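If you read the protein sequences in the order shown, they are chains A and B.
In case it helps, the working numbering puts the first sequence at residues 225 to 695.
In case it helps, the working numbering puts the second sequence at residues 13 to 476.
Just so it is clear, CB atoms sit at the ideal spot from N, CA and C, and this is done for glycine as well.
Values in this document were obtained by computation on a predicted structure and should not be read as measured data.
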Amino acid sequence: MSAHVAVIGAGPGGYAAAFYAADLGMKVTLIDNEKNPGGVCLYRGCIPSKALLHVAKLLDESKHAKEWGIEFGAAKIDIDKLRDYKNRVVEKLTSGTGQVSKFRKVNYIQGWASIIDPTTIKVKKGDATDEIVNVDYMILALGSLPTKIPSLSINSPRVLDSTGALDLPEIPKSMLVIGGGYIGLELGSVYAALGTKVSVVEMTPGLLPGADRDLVKFLAQRVEKTFEKVMVSTKVTAMKADERSVTVNFEGEGAPKEAAYDYVLVSIGRRPNAKIDGLDRTKVKVTDKGFIETDGQRRTAEPTIFAIGDVAGEPMLAHKASHEARVAVEAIEGQKAVFEPAAIPAVVFTDPEIAWAGITEAEAEKQGLKVEVAKFPWPASGRAIAIDRVDGMTKLIIDPETERILGVGLAGSGAGELIAEGVVAIEMGMTASDLKLSIHPHPTLSETLMEAAEVFFGQATHVYKPRKKSS
Amino acid sequence: MSEFIIPNLGDGVAQGDVLKVLVKAGDAIKIDQPVLELETDKATIEVPSDVEGKVTEIKVKPGDKVKPGQAVLTLEGASGANGASGASGAKAEAPKQDAAPAPPAPEAPKAPQAPEAPQAPQVTERPKASVTNISSARPQAAAPAPPPPVAPSHVTSAPAAPSVRRLAREIGVDVSQVPGTGPGGRITQDDIKEFAKRVMNSLGSNGQAAAATGAGRAVGVGPALPDFAKWGEIERKPMTGIRRKTAEHLSHAWNAIPHVTQFDKADITALEQVRKKYRPEVEKAGGNLTVTAIAAKVVASALKVFPQFNASVDQAGDSIVYKKYVNVGIAVDTENGLLVPVLRNVDQKNLIQLSVEIQQLAEKAKARKLSIDEMSGGSMSISNLGGIGGTAFTPIVNWPEVAILGISRGGFEPVWNGKEFEPRQMLPLSLSYDHRLIDGADAIRFLRWVAEALENPFALTLRG
């Protein structure tokens, strides 16, 4: 197929689309403002935050080691070197994507794209020259931006968004994280490990809205210890910054009326970035929430334009974007591909990690689905005891009629890796028996999935919990 | 706090489009009060509430698709059958026929009479119905027993691996319709292939393509249309749910049934005199004594004499299903399309009851208030076009029924009585039937029986 496809935005959705299209023999142009493909995920999101969280975990474990008879003394932290390490991680990965982009003969243009008409793109390049690209198809992978609300948008170097926080300006004495979602909790954990007194304020009654409470519990217990203060059901009513600190007013039970922090991290969510110049010269429609409207193939109302990733709808997750990328490219090729996952995993990379896929218990209840939940508590796992991390749980949400696994939830060390098995189980329409009858390596945390399935039948080796007689 | 949950909408109805929300936030609603108007592929129905309370939140808007089990209203101070978690099997019937007789309606089915000006035809229209049990229309449903598939339950998506879903998509099979033979109802590649094979086979033999596959639907579509705009201005409009269902159902009936149509005429000179005589009495009861009503009664009696007309052919199951009940469908022409409400137990009702019921069903049909139940389960159908005109026509059998009686415009004709021509009022009848089950001789016997019963109402009492 010799169509010319232009992909605008080179995040994990955009570059996955460009590379796949090239692999299928299409002529591909990939446009992004960064030097190399990577997008927010590689430059300012998933990857740098994971580098820092890795360091945070090491710091926490080194303290924890005291209980095992090993003391390291106080850690000396060289913030510049740490920042440099993080930057090298980003550089390594993005130069890698740049390389594979070249190998695939993708025409990568660094610059800002605008749409002239559905088959013409103008790119304003760094050297102020314009390049016109004529295409057959476009894939818009425009991503998302941190949500801003006017009352919290103060122009001060002490008020950060996730991008600013990842730049590690210093190790502040105190920091307030506004928003108890995954971004705030991950970055808050990093700063807490580095020695900052971190407080979190969340409007809803609990951290990580959307996740099952019994999973969040493990994280909540942990941050109660590692964070200075966790304020839920609390609103920030005002904020003002001076050179030394940010003064914040709260409204909520258990929250002070006013407190001052060295830094404030605003992480109240992300919004789709559908603002590309010239979109109005196409038939592409944007919803009132700001997402580009697409069909199951990720085709917009303009038949030759597709949209994928954060800009095409929730959940705003890299792995969703790269899956959509493949669907859109296959649709362009004329295949009957449709985006219809049975499970999109969500992972919060705090410590312990929280991960889930498929239906949650809360959703099942909301939909009135009859489900049975089988839980395996990690204190019964040999591996969890051996690594002194019994703060975890593995649970399966099962259709009692067919015994199919509809959802998997995990809390605990390494939950983000373990959830992949849950995704496969759900996608394959696996029953609890299938999981129970597959041999899992001992001693690993992955056994908790198998044993949770055993719990469903009231036969778990390490848990005594006879099955309720089903009526 | 409680919720109103969409109840089961009838056999084979998986979802509907919200046409109208009939309540608003703050309204106090009662049990049985209609709260939503839904268009399903079978009919437009009003969904009555099975809970009462004050509406605090409406979760749907016109144009949304809803499914049974979905919560659409949040209520305060609610009570009733369907509490917060309850998908109790509440029925989605439109309000039951009220006790109060319908007001003497403007022109119920007009009998084909003498050369009066044609009245606005109400119960008329082409043959054929929009009501069929989708599940039985599925070719695989009756196929020679594979291991009983576990019905996929109320869960999110079809239990099939991504590669299996892809295969289904590529060959145009709707994976949600494929019965899974694996554990927990899991659908395998072989299930998809088997399903596709059966659809293809049934296409070859008796055209039971149904709408099970994209391909199946395409079968009725035929070759691509030319570009009409070349020859002048055109306008394109989407098919309504009822029209689409009618098109699919009729294509299926036409393909599945080897049709033959038999014509005859009944001398209704005497009947018309009797009819005029008793009309006021029926009117008093709230009905209209029409030829359609009388024909329904006659057909009901004939069905008892000729049981093979009250039957269905189960080709896949290699058997014939005989029905012990006598229900007669009446084709009703409405603004929104053809609907066929079904009169129940016609053999057990007198003409006054039938006349009133026809009137009520016709009104409901026009108000788009027929429930699915009210359009299902017919033994045979009647289509009376006489109010509009015509001398004869070839109605299409309302599958899975095996016969349909068409009635055209009656009028005076010279009839030779052995000595001279006499003016007699003659009613043209057209009987289409399924030749797989009914032979030509039986068909004309049936039609003659009907004609004679109309000619001499006493014959009905005598033989019916």
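Other residues of its chain near residue i: CB distance less than 8 Å, five sequence neighbours each side excluded
i, result
"HIS271 of chain B", "THR406, ILE408, VAL409, SER444, TYR445, ASP446 and HIS447"
Where residue i meets chain A, residues with beta-carbon distance less than 8 Å
i, result
"SER169 of chain B", "GLU564 and ALA566"
"GLU182 of chain B", "GLN559 and LYS560"
"ARG177 of chain B", "GLU564"
Contacts of residue i in chain A (Cβ-Cβ under 7 Å)
i, result
"PRO74 of chain B", "Near PRO74 of chain B there are no residues of chain A at all, since even the closest Cβ is about 17 Å away, more than 7 Å."
"GLY197 of chain B", "THR626"
"GLY81 of chain B", "GLY592"
Beta-carbon contacts of residue i that lie in its chain and below 6 Å, excluding the five residues immediately before and after
i, result
"GLU577 of chain A", "ALA639 and GLY640"
"SER605 of chain A", "THR672"
"SER325 of chain A", "PRO261 and TYR332"
"GLU284 of chain B", "GLN437"
"HIS228 of chain A", "LYS251, VAL359 and ASP360"
"LYS103 of chain B", "Because the pLDDT of LYS103 of chain B is 39, which lies under 50, any placement of that residue in the model is unreliable, and the question is left without a value."
Straight-line Cα distance separating residue j from residue i
i, j, result
"LEU48 of chain B", "ILE41 of chain B", "12 Å"
"GLY297 of chain A", "ALA83 of chain B", "58 Å"
"GLY537 of chain A", "GLY653 of chain A", "25 Å"
"ALA703 of chain A", "GLY237 of chain A", "With chain A represented from 225 up to 695, any question about residue 703 of chain A goes unanswered, as that position is not in the structure."
"ARG187 of chain A", "LEU620 of chain A", "Any question about residue 187 of chain A goes unanswered here, given that chain A covers just 225 to 695."
"PHE458 of chain B", "THR346 of chain B", "30 Å"
"GLU285 of chain A", "PRO381 of chain A", "32 Å"
"GLY636 of chain A", "GLY502 of chain A", "46 Å"
"SER377 of chain A", "VAL63 of chain B", "47 Å"
"GLU88 of chain B", "ARG505 of chain A", "47 Å"
"LEU443 of chain A", "LYS381 of chain B", "54 Å"
"ALA265 of chain B", "ILE419 of chain B", "20 Å"
"PRO191 of chain B", "GLN327 of chain B", "20 Å"
Same chain, Cβ closer than 7 Å to residue i, neighbours up to 5 away in sequence not counted
i, result
"GLY350 of chain A", "GLN334 and GLY335"
"PRO435 of chain B", "PHE424 and PRO426"
"VAL508 of chain A", "ILE516, THR524, ALA525, GLU526 and ILE529"
"LEU472 of chain B", "VAL310, SER313 and ALA465"
"ILE456 of chain B", "GLN274"
"ALA531 of chain A", "LEU364, ILE516, THR518, ARG522 and THR524"
"LEU277 of chain A", "GLU410, SER413, VAL414 and PHE573"
"PRO697 of chain A", "In the structure as shown, chain A starts at 225 and stops at 695, and residue 697 of chain A therefore has no counterpart that could be examined."
"VAL440 of chain A", "GLY430, LEU431, LEU432 and ILE578"
"VAL72 of chain B", "VAL30, VAL33, VAL78 and VAL84"
Residue interval of the beta strand (DSSP E) (run including residue i)
i, result
"GLU425 of chain B", "423-428"
"GLY636 of chain A", "629-636"
"SER395 of chain B", "392-396"
"SER377 of chain A", "Unbroken run through SER377 of chain A: none, as it is neither H nor E."
"MET250 of chain A", "Run containing MET250 of chain A: none; DSSP gives neither H nor E here."
"ILE17 of chain B", "14-17"
Start and end residues, alpha helix (DSSP H) containing residue i
i, result
"ASN473 of chain A", "Note, ASN473 of chain A: premise wrong, no alpha helix (DSSP H); beta strand (DSSP E) at 470-475."
"ALA444 of chain A", "437-450"
"ILE306 of chain B", "303-317"
"ILE43 of chain B", "Premise fails: ILE43 of chain B is in no alpha helix (DSSP H) and is neither H nor E."
"GLU526 of chain A", "Counting along the chain, GLU526 of chain A falls outside any alpha helix (DSSP H), and DSSP gives it neither H nor E."
"ILE340 of chain A", "Premise fails: ILE340 of chain A lies in the beta strand (DSSP E), 331-341, not in any alpha helix (DSSP H)."
"ASN357 of chain B", "Here ASN357 of chain B belongs to no alpha helix (DSSP H), and DSSP marks it neither H nor E."
Cβ-heavy atom distance, residue i to the ligand PLP, below 6 Å
i, result
"ILE609 of chain A", "Here there are no bound small molecules, and the ligand PLP is not part of this structure."
Residue environment, residue i, which counts as buried when at least 16 other CB atoms sit within 10 Å
i, result
"GLN360 of chain B", "exposed"
"GLY405 of chain A", "buried"
"THR225 of chain B", "Caution applies to THR225 of chain B, whose pLDDT of 42 falls short of 50 and renders its modelled position unreliable; the value that the coordinates give is listed next. Under this definition THR225 of chain B is a buried residue."
"LYS660 of chain A", "buried"
"ILE339 of chain A", "buried"
"ILE294 of chain A", "exposed"
"TYR485 of chain A", "buried"
"TRP292 of chain A", "exposed"
"ILE373 of chain A", "exposed"
"SER375 of chain A", "exposed"
8 Å Cβ cut-off: residues of chain B touching residue i
i, result
"GLU651 of chain A", "ALA173 and PRO174"
Partner residues on chain A for residue i, Cβ-Cβ distance less than 9 Å
i, result
"ILE17 of chain B", "GLY592"
Under 9 Å by beta carbon: chain B residues contacting residue i
i, result
"THR420 of chain A", "Within chain B, no residue comes near THR420 of chain A; the closest Cβ sits about 42 Å away, beyond 9 Å."
Amino acids of chain B, ordered along the chain, whose beta-carbon sits closer than 7 Å to that of residue i
i, result
"THR200 of chain A", "The structure shown does not extend to residue 200 of chain A, since chain A is modelled only from 225 to 695, so the question has no answer here."
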